[in-house]
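Colleague:
In full-length UniProt numbering, the protein residues as written are 1 to 363.
#1: Where does residue 74 fall in DSSP's three states?
#2: Beta-carbon separation of residue 198 and residue 264 under 8 Å?
#3: Let me know the alpha helix (DSSP H) ranges lying completely inside the segment 170 to 227, each 4 residues or longer, listed in chain order.
#4: Could you round the C-beta distance between residue 115 and residue 62 to whole angstroms and report it? I think they count as a contact, below 8 Å.
#5: Could you give the first and the last residue of the continuous alpha helix (DSSP H) run that contains residue 79?
#6: If you scan the segment 66 to 152 from start to end, which runs of the alpha helix (DSSP H) of 4 or more residues do you find wholly inside it?
#7: Under three-state DSSP, which class holds residue 159?
#8: For residue 175 and residue 233, which I take to be in contact (beta-carbon distance under 8 Å), what is that distance rounded to the nearest angstrom?
#9: In terms of alpha-carbon separation, which member of 200, 202, 41 and 282 lies closest to residue 184?
#10: Alpha carbons only, please: which of 118, 132, 148 and 166 is nearest the one belonging to residue 41?
#11: Less than 8 Å between the beta carbons of residue 23 and residue 39, yes or no?
#12: Would you report the Cα separation of residue 271 and residue 78, rounded to the nearest angstrom?
#13: Near residue 203, which residues of its chain fall below 7 Å by C-beta distance, leaving aside the five closest residues on each side in sequence?
#14: In the DSSP assignment, find the alpha helix (DSSP H) that holds residue 47 and state where it starts and stops.
#15: Which ranges does the alpha helix (DSSP H) cover as unbroken runs of at least 4 residues, wholly within the segment 217 to 279, from first to last along the chain?
#16: What number of angstroms, rounded off, separates the C-alpha of residue 275 from the C-alpha of residue 107?
#17: Give me the DSSP bridge partner(s) of residue 19.
#18: For residue 287, name the three-state secondary structure that DSSP assigns.
#19: Of the choices 239, 55 and 207, whose alpha-carbon is the least far from that of residue 143?
#20: Which word fits residue 225, buried or exposed, when buried means at least 16 other C-beta atoms lie within 10 angstroms of its C-beta?
#21: For a quick check, are the C-beta atoms of residue 158 and residue 48 less than 8 Å apart?
#22: Do you know how far the Cα of residue 236 is from the Cα of residue 119?
#23: Please report how far the alpha carbon of residue 19 lies from the alpha carbon of residue 229, in whole angstroms.
#24: Rounded to the nearest angstrom, what separates residue 45 and residue 57 at their Cα positions?
#25: Please classify residue 367: does DSSP put it in a helix, a strand, or coil?
#26: Ignore the nearest five residues each way along the sequence and tell me which others in residue 212's own chain have a CB closer than 7 Å to its CB.
#27: Go through its chain and collect everything with a Cβ distance to residue 220's Cβ below 7 Å, but skip five positions before and after it.
#28: Select from 103, 180, 94 and 238 the residue whose C-alpha is nearest the C-alpha of residue 27.
#29: Classify residue 348: buried if its beta carbon has 16 or more other beta carbons within 10 angstroms, exposed otherwise.
#30: Our contact map puts residue 127 next to residue 218 with C-beta atoms below 8 Å; I'd like the distance itself, whole angstroms only.
Right, dumping it as structure tokens:
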């Protein structure tokens, strides 16, 4: 079931790179997803065999962005279709979304190794992060192959770039990177994978469900790795309360959706994330979102109709709702009387933002 089928490496004869960090840069500058997987597996095999050192003769620098093909199209999260709205089947959409997550998890691991190579860390750190990258590559391979088996491919559906956005906002602090990458984003996978697997089973796709379920099981160790090295950095930097520090980082950088319930408490606890890590910050997020959503304005039914109700995300942590009302046409002696659209936010403080939004969002 879990096979590494698909395309072969782009080159069957090649010169091995000098160091682990050079492999990292090679992956990050490689556009072809399958080749990212191949390079990662190659690096892991060499490193495990003692044939690859962490650093080479010259320092490796992380690229400003991760190379990617033109497909899939990258959309703002607010423009992403729902699974039931996607062309083809919801199953393909789910598998494609997960493949995108796994591919970007590969990028994130390598970016963390290369970008923070100036931070003094034990070799075990690189060993464990490379193991995570290798796992993510295997996961991508499973999903890539399953998409092919079902007549689709990676690139067929649009994707968002929330993982890249989080990487970009945490590119100067390793503790923040681990907190968001592993303790928030990977931990969200612990919550989501069992639910997605159950949904796939309900759609009679047992093979896809098994793949997703196994990925969810393996993500526990990834979160555990993040907790371990985040605590290592807190101890080194003499941070007295690592959990409170995590709360601050999460509220500063994380997508609020990743901090909202429901949570898979059992799997999170297995990974070292007991409820005191995430419940307090989740309570804050829930309250923030509650404050942002005022009651729907009362409009006389005989005079107004809702023209549109749009959910808009300004950035990864700023979500709100727009209501557009249009006055119904009335006919009097002077003919039709059509009032212009009235746009109202759930929070009046956002009224100025509404005026600056593209017309397409409120037309």
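No residue lacks a Cβ here, since even glycine has one placed at the ideal position from N, Cα and C.
Modeller: In brief:
#1: strand
#2: no
#3: 174 to 180 and 187 to 202
#4: 4 Å
#5: No alpha helix (DSSP H) holds residue 79; DSSP gives it neither H nor E.
#6: 90 to 115 and 123 to 149
#7: strand
#8: 4 Å
#9: 282
#10: 132
#11: yes
#12: 31 Å
#13: 91
#14: 33 to 48
#15: 242 to 253 and 265 to 270
#16: 29 Å
#17: 53
#18: helix
#19: 207
#20: buried
#21: no
#22: 12 Å
#23: 22 Å
#24: 21 Å
#25: Lying outside 1 to 363, the shown extent of the chain, residue 367 is not represented and no answer is given.
#26: 98, 193, 196, 197 and 200
#27: 190, 267, 270 and 271
#28: 103
#29: The predicted position of residue 348 is uncertain, since its pLDDT is 40 and thus under 50; no value can be drawn from it.
#30: About 17 Å; that fails the 8 Å criterion.
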